[in-house]
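These notes are about the structure you will find just below.
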Amino acid sequence: MTNKLKKRRKRQVKEQQRQQLLAEKGQKKRVRHNTAANQEKHRADWQPLEPNEQGVIADRRIMPRDEQTRRIQTAVASQQAISANIDEALWQELAAESPFQLGMVVEVSRGLCRVAVDGRILICDLRGALIAEGSGYTNVTAVGDRVLVQLLAEDRGLVEEVLPRRSGLARPDSFDVHLKQIIAANVEQALIVASWREPHLWLQLIDEYLIGAARNNLTAVICINKIDLAEDTAMCRELVRPYADLNYSLHLTSAATGQGLDDLRAALEGKTTVLAGMSGVGKSSLLTVMDGNLNLKTNAVSLKRHEGKHTTTQAVMLPFGQNAYVVDTPGIREMGLDGLRQPELLDFYPDVAEFIAGCRFNDCTHSHEPGCAVKTAVADGTLVEWRLENYRKIYQSIPE
Ligand code: GDP
Ligand code: ZN
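According to this note's numbering, the sequence shown is numbered sequentially starting from 1472.
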């Protein structure tokens, strides 16, 4: 690096630190225009949650009391803040301080949304002042958002404010790659559903969803459904055992016979869970069998009827059981690998990473090289072959 470059880099780092400090102090950044530099900055702001130097995502229990309050206040001061420290109590507090009602967005369509307020569903407009510009997102609100609502009529309201988010699932906007579309907010875990057969079990896709879940700070729950179609359940369990070994919550289920459903239901209890999985694997069947009150199909079309034509229903949030929610959304797959680069992939394969220090070559691709410790691990049965295969396939599919 030349001296000039070094200096420039130093300045950039300084500026980043200054911005971070500003954000920490709760001073809202002024957003000028949609310059490329600005977009880049905001993109950086919206990457999946990772603890920063200030430990913003640090477990709240290990923080001194004042510190915890300070961080929460900081998060509130900046409208678009995402922080794992945000919780139900904070949302209620904010609502109590306002003249409005606390609600949760359960469905969004162009400029209109359905909001659950006190057990009622209101059709709401968004206040015009709520604009996505400068947030790094193309849309203002998504399912799962806690919002402040002004009641207008028995079934109508106006969204006055979108409250800070605990987490956000986003995907690249299809028209402007610099921006993202937020598809669900405040989700805690992902239920990854695959089927043993019809469609055939696709382990690479499960791996990709797992990466997506990890990058979005979601706990992953894996469900292998249609286990009634397996000739040999034990063999099936053995095949997917690496997931259990990696400490994922793993469920072999059948919506047809009811096998495994009690455990799966328990895994969803009290949580907000986003569904991931190919069409046809049995997501709707599983949910319907576990919760007879759930009505997936009718919920998904109700807003369409209200608004008339040209609606794109993107994601629905449904109450599940007594105190849980599930988010059903198309296109969740793209979230997984977007923006992921080859050197980062190993972070999501701790079972592969364990061996690479032993490879003879630094740039070993673990495919044909002599002295590859990863291949040796596969050969002696310490590492299952399909995990390495998936790793290599995904590696080749993402940019350097
Ligand atoms: P989704 O697209 O993931 O929501 O899948 P569906 O719930 O619509 O299920 C797709 C098809 O698989 C339907 O015909 C279901 O009856 C069937 N199915 C769902 N779960 C099971 C299961 O556990 N065992 C068997 N044999 N069939 C199932
Ligand atoms: Zn190797």
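Every residue gets a Cβ at the ideal spot worked out from N, C-alpha and C, and that includes glycine.
The closest heavy atom of ligand 2 lies 6 Å or more from the beta carbon of Val1855. Residues with their Cβ less than 5 Å from any non-hydrogen atom of ligand 2, running along the chain, are Cys1830, Cys1835, His1837, Cys1843, Val1845. Between Leu1817 and Ile1869 the beta-carbon gap is near 12 Å, outside 8 Å, which marks them as no contact.
Counting only residues of its own chain and dropping the five nearest sequence neighbours on each side, Gly1731 has a CB closer than 6 Å to the CB of His1722, Leu1723, Thr1724. Gly1639 and Ile1553 do touch by the CB rule: their CB atoms are close to 5 Å apart, below 8 Å. Here DSSP, grouped into helix, strand and coil, assigns Thr1744 to strand. Taking 6 Å as the cut-off, the C-beta of Gly1731 does not count as close to any heavy atom of ligand 1. When the alpha-carbon of Phe1819 is set against those of Ile1695, Asn1657, Asn1688, the nearest one is in Asn1688. The continuous beta strand (DSSP E) containing Ala1661 extends over residues 1660-1666. At a Cβ-Cβ threshold of 7 Å, Ser1666 and Leu1619 do not count as neighbours. Distances taken from the Cβ of Leu1789 to the heavy atoms of ligand 1 include none shorter than 6 Å. Residue range 1732-1739 is occupied by the alpha helix (DSSP H) that includes Asp1733. DSSP places Ile1653 in the uninterrupted beta strand (DSSP E) bounded by 1651-1656.
Placement of the Cβ of Val1760 at a distance of 6 Å or more from every heavy atom of ligand 1 is found. Its chain contains Val1855, Glu1856, Leu1859 as the residues whose beta carbon lies nearer than 8 Å to that of Val1849, once the 5 sequence neighbours on both sides are disregarded; these appear in chain order. Nearest in C-alpha terms to Tyr1796, of all of Ile1594, Val1577, Asp1716, is Val1577. Here the alpha carbons of Leu1746 and Val1664 stand approximately 7 Å from one another. In the displayed model, Glu1669 falls within coil according to three-state DSSP, outside both helix and strand. About 21 Å separates the beta carbon of Leu1700 from that of Arg1736, a gap too long to meet the 8 Å contact definition.
For Val1849, the distance from the CB to the nearest heavy atom of ligand 1 is not below 6 Å. Counted as a single uninterrupted DSSP element, the beta strand (DSSP E) harbouring Gln1572 occupies residues 1572-1580. A Cβ-Cβ separation of about 5 Å places Leu1629 in contact with Gln1621 under the 8 Å criterion.
Taken through DSSP and simplified to helix, strand or coil, Glu1840 comes out as coil.
Within the DSSP secondary-structure output, Ser1720 pairs in a beta bridge with Val1692.
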